[in-house]
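Residue numbers (the UniProt record's numbering): 1 to 584.
A virtual CB, placed ideally from N, CA and C, is assigned to each residue, including glycine.
Take a look at the structure:
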């Protein structure tokens, strides 16, 4: 049986909510029913609340059995913002947990040694922002370090961890986590590379090199079917420092479970890029937290003692959390002479004409193509020559290496599935796949459901390759990367998955590829962008290291570049309210 479409499930949830309200308060339920349907529709788009006009807000305030501003009714009204009670509670609880962590005392540091390391470890050109971020993170127990690709977020964290480990008799308990297994593995590899770029005492270096990335689900030990975490407020994580990468992918519910499991006094460092796509679930956590760094006078004085030449602004009363944020601006991967960097910057500014012009300015990096699915598939096959040579040689390591040479991305799952189907027909024409066999050597698969027994998770990429333990040439198995190399899983045990020569842009977050293709919109639909918007374009473009190819029209690209679809969230406002309450 095919699962019900998301829209149908959303409609059913709204109907169920209205039915409950009708049993609770029949007359008032009739007055709010239309708002409930609108709220569920907004939630499906990732929004936390609805904006009301004055008359609507005045009408709802009179329905005190169902609507209030106290957090104890099915609907919550904050000014002219209307929330489902559950979503309001989630955002309020996240705000409360963030304030708890930011107010915790931090472990002491060796100020003199830290000051010396900040000078020597961040002496490179363009590393001033990284240096300031690391220095501020020494003083703050909660820190968001944001920045685009190549700005050195992982390098900054590696040096920050080195600073926090220095001069301590017992090395701190550290964990690395990310929303997906792919992002977690990428983070660990990047951190290990960064540790090798500066001088550390051998015990500290070995301590950091032993760190392994894991999913947030695995860190919390979230187990199906209830998905209740083993670690929580009453039984917190045994950690001194937690670093979470790709924080833009965290929805509000998962973030709350994570925050509740962090003990007071544990340092939390979030890494991410607020310009990327927000989470699939509700919320826009990074966008709500990201802001210009401004220090209060006390923190500025402490920072100046460590780093007299820091470039961070100071104010008597900075905005809430403004001194818990650092944004890295200098890209060491995409400089002024980078076509990908120039295109990404123009898209973020919403300058559609300038963005389109970059395809002419950088013809070796940026390309425009057109063609049918069949033509795209044939061209893709030609571009994958190194990958198929590795498959033919049975070289698993080389196959994984070349699988990321080129990746096809789509705005919607439908478009990714259509390309995967066209590419399978292409491979059948070239004798690599058969219509009567579900599997073939070289097939790329993506896990779509966590399997804790097999230690594979939603978003993990695997390759179907010849089974190295069987003599038959036709015997196949699935292989997944692991810290020890590659792990083999029998095809009969492979969890829910899908073919992944093409994937959605959402699924690509936390990865990078030598070349990225962004698929064209589906022509038969009416909307000119078909799901494309500024955040999606930016995310797709910045997955590419060397080349980006857009398979679509100028109209679709420029219209999408101008669509800045911000999610509605009150998290920042609630943090301010909770901080105000805390001060009282």
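Per DSSP, residue 214 is not a residue of any alpha helix (DSSP H); the beta strand (DSSP E) it occupies stretches across 213–215. If you ignore the 5 residues before and after residue 274, its C-beta comes within less than 6 Å of the C-beta of 146, 286, 287, 290, all in its own chain and listed in chain order. Remark: C-beta atoms of residue 136 and residue 326 approach each other more closely than 8 Å. Here the segment 446–461 makes contact with the segment 212–224; the two share three or more CB pairs at distances below 8 Å. Leaving aside the five residues that flank residue 111 on each side, the residues in its chain whose CB is nearer than 8 Å to its CB run, in chain order, 305, 306.
In the displayed model, residue 499 falls within a strand according to three-state DSSP. Nearest to residue 265 by alpha-carbon distance, out of 103, 138, 353, 394, is 103. Taken in chain order, the complete alpha helix (DSSP H) segments of 4 or more residues contained in the segment 400–471 are 413–429.
Taken atom to atom, the span from the alpha-carbon of residue 363 to that of residue 546 is near 12 Å.
If you compare the alpha carbons of 439, 577, 516, 170 with that of residue 491, the shortest gap goes to 439. Three or more Cβ pairs drawn from the segment 406–415 and the segment 500–510 lie within less than 8 Å of each other, which places the two stretches in contact. Segment contact: the segment 89–107 against the segment 116–123, fewer than three CB-CB distances shorter than 8 Å; contact not assigned. Within the same chain, and ignoring the five residues on either side of residue 190 in sequence, the residues whose Cβ sits closer than 6 Å to its Cβ are 154. Rounded to the nearest whole angstrom, the CA to CA distance from residue 130 to residue 152 is 7 Å. Per the Cβ contact rule, the segment 379–393 is in contact with the segment 429–449 (3 or more Cβ pairs under 8 Å).
Under the three-state reduction of DSSP, residue 282 is assigned to coil, being neither helix nor strand. Counted as a single uninterrupted DSSP element, the beta strand (DSSP E) harbouring residue 482 occupies residues 476–482. Inter-segment contact for the segment 81–97 and the segment 37–53 is present: three or more beta-carbon pairs are separated by less than 8 Å. DSSP places residue 150 outside both helix and strand once states are collapsed to three, so it counts as coil. Rounded to whole angstroms, the Cβ separation of residue 173 and residue 258 is 16 Å, and the two are not in contact under 8 Å. For the pair residue 334 and residue 138, the Cα-to-Cα distance works out to about 28 Å.
DSSP, read as helix, strand or coil, puts residue 515 in strand. For residue 538, the enclosing alpha helix (DSSP H) stretches over residues 534–541. In the DSSP assignment, residue 367 is bridged to 549. For residue 327, the uninterrupted beta strand (DSSP E) run begins and ends at 325–328, by DSSP. Collapsing the DSSP output to three states places residue 102 in a helix.
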